[in-house]
Structure formats: C-alpha cells, structure tokens
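Student: Sharing a structure, written as structure tokens. Questions coming.
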Amino acid sequence: MSVSEEEARNIIFSEARTHNDWLKKDIPNNILTDLFNLMRWGPTSANCSPTRIIFIKSSEAKERLIPFLIESNLEKTINSPVTAIIAFDTEFHKHLPRLFPHNLDAQNWFNYSEEVSEITAFRNGSIQGGYFIIAARMLGLDCGPMSGFDQVGVDKEFFFNSKIKSNFLCNIGYGESEKLFPRSPRFEFNEVCEIL
Ligand SMILES: Cc1cc2nc3c(=O)[nH]c(=O)nc-3n(C[C@H](O)[C@H](O)[C@H](O)COP(=O)(O)O)c2cc1C
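Here the sequence shown is numbered in my numbering, starting from 926 and rising by one per residue.
Below, the structure is given as structure tokens:
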C-alpha cells in the first residue's frame, strides 16, 4: 500500500466520517487481527495497554448486545458487520512486568489505589480507542463510535467476574456514504487553542 501524505490525511481525518449505515459486506477475521496489530503500537503510559476488545460479529453475540443499546443506536448496530466493545482492564498493572520490563517496579505506580488504576485505565483505554478508529480507517474500514448504551449491563453480560469495564462501542464496516448527513462544524484553532 502506498498513499500520499494528502490521501493519508483525508483517510484518517479530513474526509473520514462517522457512519450510521452499512453496506452488506463482511469483515474477514484477518482484518480484525490487522486492526489490533496496528492500533497496539500507539503509546500508553508505561506501555500499560489497558484496552480489551470484544469484536461482536456473530448474530448470537449481537443478540446479547442489542438489549443494552439506546433506541437511536439500535438499527445501525444491528446492520453493521461488526461492533467492537472497546473496554479497559483496571488490573492492567498485573501485566507491567511483561509490558514494561525495563522497570519491574512499574506495577507499583498504579496498584496501590483503585482510583489511580481506574483513571489510568480509562485515560489510556480512551486514547487507544482513538488509535482503534485511526487504524480502522487506515485499513479501509469506516467507524461509528457510540456511548449510548447501558454500560453496567454490557459489563455484566460480557465482562462478568472481571475488572474489565466497557468504555464505548464502535460499529465498523464499509459505510453507506450516500446516507451521511452534512458534516458538522469544528472549532477554529483560535477558539480552543493557545500558543504560549
Ligand atoms: C465516544 C463517542 C461516542 C459517540 N456516541 C454516539 C452515540 O451513542 N450515538 C450516535 O449516533 N453517535 C455517537 N457518536 C458519533 C458522533 O456524534 C460523531 O462522531 C460526531 O458528530 C462527528 O461526526 P463526523 O465524524 O461525521 O464528522 C459518538 C462518537 C464518539 C467519538
């Protein structure tokens, strides 16, 4: 694959849209593996990599997820080929001796307080969620992220008996561009940024 700098900008940001309607086209499992293998290289604090993902692809798994969605997110989720549950493990620190081997003390930076480990997992899990969207777009997929769902219900259904918590859902697939609504505006640099 070779794309120009301008094409890459368009694919990831300038022309990429949030999709709500999907072509009836499957995503092969090897693309889901490629997606993870790409996004995992994005940085996290102490390389803690707290994101855990369940790719909901089968109709049986979709049926387990559907009851927890708000009404306006139902149809697009039923119709998407895959819905990823982007979650984070608040016990990520157990893996730091493997993931941050040059400092074996690193797990103690996070494991002394549930509040610290949860804030760290949420922060880095959300950043990894952004990497997920960028990686998916680089692989030619479209995304439809959603926070409109019953988080506690999803956690009971999919992460029972663990310290993993759902963050957001992301429909992925090949979007039906004709049904997109007009792009909403974004802030201008001077409205929200400062250079000091
Ligand atoms: C974390 C997150 C949660 C979102 N939750 C929902 C949602 O529950 N339902 C929905 O229809 N859109 C949801 N959206 C979509 C946003 O409204 C959309 O990405 C934004 O308006 C930008 O649209 P654009 O990418 O087409 O410019 C969510 C987006 C993000 C990033």
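Beta carbons are placed, not taken as given, at the ideal position from N, Cα and C, and that holds for glycine.
Tell me the residue span of the beta strand (DSSP E) that contains T976.
Tutor: Locating residue 976 in the sequence shown gives position 51, counting from the first residue. Unbroken beta strand (DSSP E) run through T976: T976 to I981.
Student: Answer yes if the segment 1032-1051 comes into contact with the segment 988-1001, meaning at least three C-beta pairs across the two stretches below 8 angstroms, and no otherwise.
Tutor: Verdict: no, contact absent.
Student: Between the Cα of R1092 and the Cα atoms of N972, N1086 and F1013, which residue gives the shortest distance?
Tutor: Here residue 1092 is taken as the residue at index 167 of the sequence shown, counted from 1. Per the sequence shown, residue 1092 should be read as Asn rather than Arg. Minimum Cα distance to N1092 is reached at F1013.
Student: Can you give me the Cβ contacts of S970 inside the same chain, cut-off strictly under 7 angstroms, excluding the 5 residues immediately before and after it?
Tutor: Locating residue 970 in the sequence shown gives position 45, where the first residue counts as 1. Contacts found: T1045 and N1049.
Student: Hey, which unbroken runs of the beta strand (DSSP E) at 3 residues or more fall wholly within the segment 990-1060?
Tutor: DSSP runs (the beta strand (DSSP E)) wholly in the segment 990-1060: 1007-1014.
Student: Let me confirm a value: F1085 is counted as buried when at least 16 other C-beta atoms fall within 10 Å, else exposed. Which label applies?
Tutor: Stepping through the sequence shown from its first residue, residue 1085 is reached at position 160. Exposed, by the Cβ-count rule.
Student: For K1090, which of helix, strand or coil comes out of DSSP?
Tutor: For the purposes of this step, residue 1090 is identified with residue 165 of the sequence shown, where counting begins at 1. Residue state, collapsed to three classes: strand.
Student: Identify whether I1097 lies in helix, strand or coil by the three-state DSSP scheme.
Tutor: Along the sequence shown, read from residue 1 onward, the residue named residue 1097 stands at position 172. Here I1097 sits in strand by DSSP.
Student: Identify whether F1114 lies in helix, strand or coil by the three-state DSSP scheme.
Tutor: By 1-based counting over the sequence shown, the position of residue 1114 is 189. F1114 falls in the helix class under three-state DSSP.
Student: Can you give the beta carbon distance from I1011 to F1057, rounded, assuming they're within the 8 angstroms contact cut?
Tutor: The residue you call residue 1011 lines up with position 86 of the sequence shown. The residue you call residue 1057 lines up with position 132 of the sequence shown. That pair is a contact at about 6 angstroms.
Student: Going by the beta-carbon positions, is the gap between F980 and L957 smaller than 7 angstroms?
Tutor: In the sequence shown, counting from the first residue as 1, residue 980 sits at position 55. In the sequence shown, counting from the first residue as 1, residue 957 sits at position 32. Yes. Within cutoff.
Student: By DSSP's criteria, G1078 is part of a beta bridge. Which residues make up the other side?
Tutor: Here residue 1078 corresponds to residue number 153 of the sequence shown, with the count starting at 1. Note: G1078 sits in no beta bridge, so no partner.
Student: Flag this pair as yes or no: are the beta carbons of G1054 and K1001 separated by less than 7 angstroms?
Tutor: Taking the sequence shown and counting its residues from 1, the one referred to as residue 1054 is at position 129. Taking the sequence shown and counting its residues from 1, the one referred to as residue 1001 is at position 76. Cβ atoms of G1054 and K1001: not closer than 7 angstroms.
Student: Tell me whether N1096 counts as near ligand 1, meaning its Cβ is closer than 6 angstroms to at least one heavy atom of that ligand.
Tutor: Looking up residue 1096 in the sequence shown gives position 171. False, no ligand heavy atom lies under 6 angstroms from that Cβ.
Student: What do you get for A933, buried or exposed, if any count of 16 or more other CB atoms within 10 angstroms of its CB means buried?
Tutor: Taking the sequence shown and counting its residues from 1, the one referred to as residue 933 is at position 8. Under this definition A933 is an exposed residue.
Student: Measure how close the beta-carbons of G967 and I1089 come, nearest whole angstrom, since I'm counting them as under 8 angstroms.
Tutor: Counting from one through the sequence shown, the residue named residue 967 turns up at place 42. Counting from one through the sequence shown, the residue named residue 1089 turns up at place 164. Not really, about 19 angstroms apart at Cβ, beyond 8 angstroms.
Student: Taking 6 angstroms as the limit between beta carbons, can you name the residues of its chain near G1100, skipping five residues before and five after?
Tutor: Here residue 1100 is taken as the residue at index 175 of the sequence shown, counted from 1. The answer, listed in chain order, is H944 and D1067.
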